[in-house]
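Numbering (my numbering), first residue to last: 6 to 286.
Even glycine gets a Cβ: it sits at the ideal position worked out from N, Cα and C.
Keep in mind it's a predicted model, so treat the numbers as computed, not measured.
Notes follow once the structure below has been shown.
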Ligand code: FE
Ligand code: FE
Ligand code: ZN
């Protein structure tokens, strides 16, 4: 089954996102559980959650993806910022655990010139604190990053180093962002096979649970992190087609984070469905 959807706003609640995803032609979605700039998280309404659960069942949904706020930086030099991140992610995980078939994903953080090693320690400490609770989402994903500024998680080695230090390795996964890895220097246009092989050697393909499907406004290794509409950037429609049909990727859920309003997302979902090839071809 082709699992495809886009980022949606949580403003009208969870069932509303399920309905919107279906209306756009998709069968999943991604959302921020709180304002992406941080701030408080609205408590879940049981009826709304049950409504979404039923909707997802009735409409053959794949897993949905809860995305942590960008402002969470568990590797900050400031204790107050690290503290916010620890509390926010712990609360997010409890929330995601309570939602139907929901995975969690977040940006590992930025080391702010403390160096990657210090950041890896701080990020894994944060995860060990946040994941020390009974109810956890089935997967907690680190997102592959473009390497903008002092972002941690640009290389597979950095992501693997964080996972190594997490006690609940059984729940750790990766969300691969196609814009970010190309921007970060992994040439998925000319050597998708080689990049996946490297991923498998360093992290292990079984840890790959989600794809952020975005084109990139900039050339390879730009470290700028500017998403482009599908087929209109440096990845192009050929590479995107390869990715959604690749035997090692095709069964993963794909989430669009392209610069679009809702009608644009509906068009991209329709386009991607038309590019999807039958199984065993
Ligand atoms: Fe992200
Ligand atoms: Fe992303
Ligand atoms: Zn991005």
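Between the alpha carbons of residue 222 and residue 233 lies a gap of roughly 5 Å.
Looking at the DSSP output, residue 177 bridges to 145. Relative to the non-hydrogen atoms of ligand 2, the Cβ of residue 182 comes within a distance shorter than 8 Å of at least one.
Runs of the alpha helix (DSSP H) spanning 4 or more residues and lying entirely within the segment 37–120 occur at 51–63, 84–103, in chain order. Residue 183 carries a helical assignment under DSSP once its states are collapsed to helix, strand and coil. Shown here for residue 26: same chain residues with a beta carbon closer than 6 Å to its own, the five before and five after excluded, namely 10, 34 in chain order. The beta carbon of residue 68 lies closer than 6 Å to those of 106, 108, 258 in the same chain, with the five residues before and after it left out. Within the chosen limit of 8 Å, ligand 3 does not reach the beta carbon of residue 220 with any heavy atom. Its Cα nearest to that of residue 118, the residue 81 stands out among 135, 92, 81, 100. Beta-carbon to beta-carbon, residue 99 and residue 138 are separated by about 6 Å, close enough to satisfy the 8 Å threshold. Secondary structure in the segment 238–279: the alpha helix (DSSP H) runs of 4 residues or longer, each lying completely within the stretch, are 241–250 in chain order. Between the C-alpha atoms of residue 213 and residue 227 there is a straight-line separation of about 24 Å. The residue from 66, 225, 22, 159 with its alpha-carbon nearest to that of residue 113 is 159.
Residue 215 is bridged by DSSP to 180. Annotated three-state conformation of residue 233 is strand, per DSSP. Shortest Cα-Cα distance from residue 194 to any of 177, 62, 243 involves 243.
Contact between the segment 170–177 and the segment 186–205 is not established, with fewer than three Cβ pairs separated by less than 8 Å. Its Cα nearest to that of residue 58, the residue 22 stands out among 29, 22, 148.
Residue 156 has 115 as its beta-bridge partners, per DSSP.
With a contact defined as Cβ atoms closer than 8 Å, residue 271 and residue 29 qualify at about 4 Å.
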